[in-house]
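Heads up, this note's numbering is the position in the sequence shown plus 207, with the first residue counted as 1. First comes the structure, then the notes that go with it.
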Amino acid sequence: MAKMRMNQAVVAAVADEMREDPSVMMMGEDIAAAGGPFKTSDGLLEEFGPLRVRDTPISEMGFTGAAVGAAALGLRPVVEIMFVEFLGVALDALVTEAAKFRFLSKGQVSCPMVVRCTVGSGLGFGSQHSQTLENWLMATPGLKVCVPSDPQSAYGLLRSAIRDADPVAVLEPRSLYAQRAEVITGDAGIIPLGKARVVRAGSGATVVTLGQTTGIANSAAEAHGLDIEIVDLLSLVPWDVDAVLSSVKRTGRLIVVEEAPESGGWGSEIVAAVVREAFRELKAPPFRITAPNVPVPYAKELESRYLVGPEEVARQIGAFLESGEVPVPWWEAEGVIQ
C-alpha cells in the first residue's frame, strides 16, 4: 500500500492497465510531454512512448472521434478532456456513436473507451470551467458514468473503466487531485462499476453523496456529531439501487447531497427510486441539498458560498433530524436568490 495524491492514483491506474494490456493507450491535450495539465499522466510518455501516449491538437471533437474508431477496431483508448465543458463539442462521438455501437451492431461491435473529464468547483476556474455536468451523460443508454471521491476510488474505478467492454465516462473532481491517502494498488485495489460503499455508519438518516460531496458530508457529520449513514455512490450509471434502499430501510430517512445546481440534478433519480420502492419505510420526506440555480461564481468568497459546504450540510441535516421537516436552502432562507 502506497500513500499518494489522487492525481498520482490516476497515473498509477493508467500505468498498471497499460503494463497489463498493450491495447491500452492515452490521448489528450498536453498529456504526453507536459504530463497533463493536472499531472494525471506524469511519466507515462517516458515509460510507454509516443505511440501509446499521444498529445493531440486542441480539438476534442477530433480526438474523441478518433478514439471511437480506435476502440471499435480493438484498442482501448483513454481520452482526457481537460474540463468537462470541453466535452460539449464531442458529445456526438461519445453519446451518439460510442454508446450505441453494441446496440446498433446487435452485440457484434463494442467500443471499450474511457473519457476522463475534470469537473467541479472550488478552485476558482469560473463559471465556464467549474461545472459537473453529469446530467449531460447520465441519460445515455450504453454509457457508464462514475465519479471518484478519493485516491483509492480514483485508482479502482479507473482500472474497472479501462477494462469495461463499453464506453465509460469518468468524472474526476479536480479539487480532490491534491488529496493524499493510502492506496491499495494491483487487482486488490480495483473497484467494480455500479457498486456504492458506506463510508460512515449511522441510524438517523441515509445521506447519499457523490464525488467531493462525500468528504463534505463526512466533515459535517464529524464536526457536528450527526448520526447519519453516508453512502458514496461512486457510480452514477449504473447506480447501486440495492445499497441505497438497504440503508434507507434501516434509517427511514433519505437526504441526497449534490454539488450541481438544483434543477436537473442526479439526486432526483435517487429520490424517485426510493419513493417508489421504499415509500412505506420512510419516516419523513426525502430531500436534496444542492447548489443554487446560478452559474458558478469566480470570486473566491462567492464560489465558497455557492458550493455546498460542511456547515450548510450540517445545518440542513441537523434541522431535519430534529424536526422531521424539510429545511429551506440558504439562498431561500436569506432571500438572496429569488
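We treat Cβ as the ideally placed atom computed from N, Cα and C, and that holds for glycine.
- Assigned with DSSP and collapsed to three states, G256 falls in coil, not helix or strand.
- Taking E287 as the centre and dropping the five residues before and after it, the same chain places the C-beta of G235, I238, R323 closer than 6 Å to its C-beta, in chain order.
- Taking C-alpha positions only, S454 is separated from G333 by approximately 36 Å.
- The Cβ neighbour count for T303, taken over all protein chains shown within 10 Å, is under 16; the residue is labelled exposed.
- Per DSSP, the continuous beta strand (DSSP E) segment holding I288 begins and ends at 283-288.
- The Cβ atoms of M320 and A274 sit closer than 8 Å to each other.
- With contact defined as three or more Cβ pairs closer than 8 Å, the stretch 403-412 and the stretch 364-377 are not in contact.
- When the Cα atoms are used, V414 and A428 turn out to be separated by approximately 10 Å.
- Just so you know, the alpha carbons of L258 and Q419 end up roughly 34 Å apart.
- DSSP places V390 inside the beta strand (DSSP E), whose first and last residues are 387-390.
- Taking C-alpha positions only, L441 is separated from V543 by approximately 33 Å.
- Distances from the CA of G327 to each of A297, L383, K456 were compared; the closest alpha carbon is that of L383.
- A check of alpha carbon separations from P264 across T497, M289, A216 identifies M289 as the nearest.
- By the 16-neighbour rule on beta-carbons within 10 angstroms, M208 is exposed.
- Taken atom to atom, the span from the alpha-carbon of S470 to that of R522 is near 21 Å.
- Under the three-state reduction of DSSP output, G243 falls in the coil class, being neither helix nor strand.
- Secondary-structure assignment with DSSP links P380 through a beta bridge to V326.
- The C-beta separation of C318 from A305 comes to about 4 Å, placing the pair in contact by the 8 Å criterion.
- Non-local C-beta neighbours of G363 in its own chain, meaning closer than 7 Å and more than five positions away in sequence, comprise G396, I397, I398, ordered along the chain.
- Going by DSSP, R212 is part of no alpha helix (DSSP H) but of the beta strand (DSSP E) stretching over 209-212.
- Of Q215, M268, F270, S266, the smallest CA-CA separation from G243 is found for Q215.
- With respect to the 8 Å criterion, A491 and G531 are classified as neighbours on the basis of their beta carbons.
- By the neighbour-count definition (other C-beta atoms within 10 Å, threshold 16), V535 is an exposed residue.
- DSSP places I496 in the uninterrupted beta strand (DSSP E) bounded by 494-498.
- About 12 Å separates the Cβ atoms of T421 and I435, ruling out a contact at the 8 Å cut-off.
- Within the stretch 474-545, the beta strand (DSSP E) runs of at least 3 residues that lie entirely inside it are, in chain order, 494-498.
- Per DSSP, the beta-bridge partners of M233 are V260, V285.
- DSSP lists V321, K351 as the bridge partner or partners of V375.
- Distance from the CA atom of V218 to the CA atom of T392, rounded to whole angstroms, is 12 Å.
- Closest option to S356, judged by alpha-carbon separation, among G256, E253, R212: R212.
- Rounded to whole angstroms, the separation of the alpha carbons of V390 and E224 is 16 Å.
- Closest in C-alpha terms to G472, from the list L294, G295, A346, comes A346.
- With at least 16 other beta carbons inside 10 angstroms of its own, V515 counts as buried.
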